[in-house]
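Visitor: Each step along the sequence shown adds one to the number in the numbering used here, with nothing skipped, and position 182 is 196.
For each residue, glycine too, the CB sits at the ideal point set by N, CA and C.
Note that the structure is a prediction, hence the values are computed from the model and not measured.
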Amino acid sequence: MVLGIGAGGFWDEIVRLGVPRLTPGAAVRAMEEAITLVRALTGGGAPVSFDGESCRVTGLDPSPVPVPRIWTGSVGPRSLAVTGRLADGWIPGRASDWLSPLYRESRALVDDAAAAAGRDPAEIASVYNLPGRITARPLPATRDRSGRWIGGSAGQWAEELASAVLDHGASGFVFFDAGGSDAPLSRWAQEIAPAVRAAVPARNG
């Protein structure tokens, strides 16, 4: 199980649910408190009391279920630092991928915070949101002029993702297609994902 926690990327929708709007700084502090409290309230143990700015419990018995892996979708420097200190995985913001300058700059902040907290930065997974088209034929270029991935044939996808894992340390991918059709997701699951799984050990061997 993986639990995703963020500092609120969709505040208008959150406010419509009756939750008070937080300032960016307060939202990051709330994210840090939430991660801390989730870890304290799973895996069993003694009753937990926590008096934070946004999260408060008194004498609450932890669940015996194992502590879940926690991924964040952080973007700003403060939330990236929280990711480095506390999270197990990170989904880079703005759909930036392993070749993006934004990713490299942000990952450095995550790694620095992890090292300062006595953690091994390599233990924090990078998992990418990856929009793009899956085409019937190979495209002459799979990235636009800015370097952003735009997609390609199933073979081009598989080659790119295998390289991301083996050459850039990617831990996983989240595919989404803006068209709203199930067909691209089916091709992702039936063609691309198996090809990447097959290619990764083949290159390692």
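1) Where does Pro208 fall in DSSP's three states?
2) Between the C-alpha atoms of Glu67 and Ala139, what's the straight-line distance to the nearest angstrom?
3) Taking 7 Å as the limit between beta carbons, can you name the residues of its chain near Leu55, skipping five residues before and five after?
4) Our contact map puts Val188 next to Val141 with C-beta atoms below 8 Å; I'd like the distance itself, whole angstroms only.
5) Can you give me the C-alpha to C-alpha distance between Trp112 and Ala155, rounded to a whole angstrom?
6) Expressed to the nearest angstrom, what Euclidean distance is found between the alpha-carbon atoms of Ala21 and Leu51?
7) Quick one: using the 10 Å Cβ neighbour count with 16 as the cut-off for buried, is Ala203 buried or exposed?
8) Quick test of your reading: Val89 and Gly107, contact by CB under 8 Å. State the CB separation rounded to the nearest angstrom.
9) Going by the CB atoms, is the gap between Ala172 and Val210 shorter than 7 Å?
10) Please state whether DSSP places Pro145 in a helix, a strand or coil.
11) Figure out for me which residue from Glu27, Pro215, Arg147, Thr86 has the closest Cα to the Cα of Ser195.
12) For Ala168 versus Ile206, is the C-beta distance shorter than 7 Å?
13) In three-state terms, what does DSSP make of Gly107?
14) Between Leu31 and the rest of its own chain, which residues show a CB-CB distance below 6 Å, the 5 nearest in sequence each way excluded?
15) For Arg118 and Glu47, I'd like the C-alpha separation in whole angstroms.
16) State the Cα-Cα distance for the pair Asp181 and Pro135, rounded to the nearest angstrom.
17) Run through the stretch 58-133 for me and flag every whole alpha helix (DSSP H) of 4 or more residues, listed as ranges in chain order.
18) Name the DSSP bridge partner or partners of Gly166?
19) Thinking just about the alpha-carbon of each residue, which of Asp65, Leu199, Ile84 is nearest to the one in Ile19?
20) Quick check: the Cα distance between Asp99 and Ala131, rounded to an integer number of angstroms?
Guide: Straight from the coordinates:
1) Judged by DSSP in its simplified three-state form, Pro208 adopts helix.
2) Rounded to the nearest angstrom, the two C-alpha atoms are 28 Å apart.
3) A distance below 7 Å between beta-carbons, with the five flanking residues on each side excluded, links Leu55 to the following residues of its chain, in chain order: Val62, Leu74, Pro76, Ser77.
4) Indeed, because the Cβ distance is near 7 Å, the residues count as touching under 8 Å.
5) If you take the alpha carbons of Trp112 and Ala155, they lie about 17 Å apart.
6) Within the model, the alpha-carbon separation for Ala21 versus Leu51 is close to 15 Å.
7) The residue is exposed, with fewer than 16 neighbouring Cβ atoms inside 10 Å.
8) A Cβ-Cβ separation of about 3 Å places Val89 in contact with Gly107 under the 8 Å criterion.
9) The answer is yes: Cβ separation under 7 Å.
10) When DSSP states are grouped into helix, strand and coil, Pro145 belongs to the strand group.
11) For Ser195, the closest C-alpha among the options Glu27, Pro215, Arg147, Thr86 is that of Arg147.
12) Contact: yes.
13) Helix.
14) Excluding sequence neighbours, Leu31 sits near nothing in its chain.
15) Near 27 Å, if we compare the C-alpha coordinates of Glu47 and Arg118.
16) Computed Cα separation, rounded: 17 Å.
17) Listed in chain order, the complete alpha helix (DSSP H) runs (minimum 4 residues) inside the stretch 58-133 are 91-100, 115-130.
18) Under DSSP, Gly166 shares a beta bridge with Ile148.
19) Put simply, of Asp65, Leu199, Ile84 the residue whose alpha carbon is nearest the alpha carbon of Ile19 is Ile84.
20) Reading off the sequence, residue 99 comes out as Arg, not Asp. Looking at the two C-alpha atoms, the distance is approximately 6 Å.
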